[in-house]
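The UniProt record's numbering numbers the first residue of the sequence shown as 1 and each following residue consecutively.
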Amino acid sequence: MLAVVPPPVTVRVPSKVNLHLSVGDVRDDGFHELTTIFQALSLTDEVTVAAAEEPGVEVFGEGAKSVPTDEGNLAWRAVRALAEHVDRAEDIDKVGVVLRKGIPVAGGMAGGSADAAATLVGLSSLWKLDLARDELAQIAATLGSDVPFALYGGTALGTGRGEELVPVLSRHTFHWVLAFDQRGLSTPRVYGELDRLRADGDPPRVGSHAPVVEALASGDPKQLALLLGNDLQAAAVSLRPGLRRTLRAGVNAGALAGTVSGSGPTCAFLCESADAALEVAAELAGAGVCRTVRVAHGPVPGARVVGGDDAP
Ligand code: ATP
1 MLAVVPPPVT VRVPSKVNLH LSVGDVRDDG FHELTTIFQA LSLTDEVTVA AAEEPGVEVF
61 GEGAKSVPTD EGNLAWRAVR ALAEHVDRAE DIDKVGVVLR KGIPVAGGMA GGSADAAATL
121 VGLSSLWKLD LARDELAQIA ATLGSDVPFA LYGGTALGTG RGEELVPVLS RHTFHWVLAF
181 DQRGLSTPRV YGELDRLRAD GDPPRVGSHA PVVEALASGD PKQLALLLGN DLQAAAVSLR
241 PGLRRTLRAG VNAGALAGTV SGSGPTCAFL CESADAALEV AAELAGAGVC RTVRVAHGPV
301 PGARVVGGDD AP
């Protein structure tokens with residue numbers, strides 16, 4: 001008798017930019033206490049989860065060569081975590097995952113976390129598990145601090161390690177230009193550099209997140225631009241001094257403001273409109289300060305099945 005094979009499920013998942021990232025002290029578990037405001041952007045990865053004879057992960061697209069295809073891939077860790085959660089660990093031998101990456105690898109835009117979130121949604125749909133998004137978010141939090149946000153998307157305040165989320169009202173579509181650097185930056189290395197800078201002196205820290213929440217509610221990109229702030233920026237720039245030039249070039253090209261995204265090295269420039277973003281992107285691409293330039297907008301929804309309304 002022929003087995004009925006479920007059709008593959010493809011999930012689109014957003015990247016993130018941190019509009020505000022305040023890094024507190026190191027906790028006993030080695031993580032830093034964070035207060036951050038995430039915004040999900042239209043720069044996405046696509047993840048296909050399918051029944052397969054050969055289990056594993058294949059990776060195509062942006063930075064594919066530097067992404068592990070073994071157990072170290074966050075998408076595969078998501079397969080394993082979900083299978084264990086529903087007591088189907090033996091079935092992972094029949095799961096294949098294909099990643100089509102648009103999000104820069106080790107770029108501070110949570111690409112690996114996005115793939116993990118998309119895989120949770122995709123496998124849940126493939127196996128018809130009918131799990132609520134909040135239940136997936138609990139599994140997501142065990143995989144990494146940014147994974148729950150990639151499930152929900154939108155704009156959110158994150159605390160703890162960034163995994164405790166509260167949605168933030170955002171009235172406007174904001175337009176961004178993203179400058180990808182030649183190489184990625186390791187997130188632990190950037191945190192280590194911040195600890196070193198703080199041990200040596202007292203680098204300035206971002207203030208309260210409250211004015212950022214107000215600016216998002218007002219929907220005025222000029223107001224928001226004045227408030228973008230990231231405690232990791234000094235550390236990223238210290239490790240990659242060329243980023244200073246990139247940040248300057250974006251503002252000279254007409255962006256309202258620029259910030260290093262998360263742990264970098266991607267720089268994100270907030271622009272006044274979609275047209276302004278296209279102009280800034282064109283000028284920045286010609287300035288020779290980065291590898292690739294992309295335009296994006298946010299907020300956008302979290303991980304969603306493509307062409308389906310059966311996302312959990
Ligand atoms: P974050 O902003 O969450 O700190 P990031 O965006 O800087 O992360 P990622 O692209 O998530 O960085 O990748 C960090 C490292 O994780 C990569 O160098 C890669 O070796 C590993 N990795 C594991 N799985 C993936 C994946 N699915 N996509 C990209 N990198 C992955």
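We treat Cβ as the ideally placed atom computed from N, Cα and C, and that holds for glycine.
All values derive from a computational prediction rather than experimental measurement.
What would DSSP say about residue i, mapped onto helix, strand or coil?
i	result
A117	helix
T44	strand
T142	helix
V260	strand
W127	coil
T213	Note on identity: in this sequence residue 213 is Val, with Thr being the wrong assignment. In this structure, V213 counts as helix in the three-state DSSP scheme.
D111	Per the sequence presented here, residue 111 reads as Gly, with Asp not at that position. Three-state result, G111: helix.
G201	coil
T187	helix
I13	Rather than Ile, the amino acid found at residue 13 in this sequence is Val. V13 falls in the strand class under three-state DSSP.
Just to confirm, is the Cβ distance from residue i to residue j under 9 Å?
i	j	result
A51	G154	no
R205	S22	yes
F174	G302	no
W176	L34	no
A106	I92	no
V293	A281	yes
K16	D146	yes
L178	T266	yes
A253	V260	no
A296	L43	yes
G112	A75	yes
Apply the 10 Å Cβ neighbour rule to residue i and answer buried if 16 or more other Cβ atoms are within range, or exposed otherwise.
i	result
Q182	exposed
D310	Note that D310 scores a pLDDT of 48, beneath 50, so its modelled location is shaky; the value from the coordinates is reported in the next line. It is exposed - the Cβ of D310 has fewer than 16 other Cβ atoms within 10 Å.
K101	buried
residue 325	Only positions 1 to 312 of the chain appear in this structure, which leaves residue 325 out of reach.
R12	buried
G242	exposed
V97	buried
P104	buried
F180	buried
F38	buried
G229	buried
My understanding is that residue i touches residue j, with C-beta atoms under 8 Å, so please give their C-beta distance in whole angstroms.
i	j	result
S263	L227	Not a contact, Cβ separation roughly 20 Å.
A117	A140	6 Å
L136	V95	Rounded, the Cβ-Cβ distance is 16 Å, inconsistent with contact.
R245	V289	5 Å
A78	L143	6 Å
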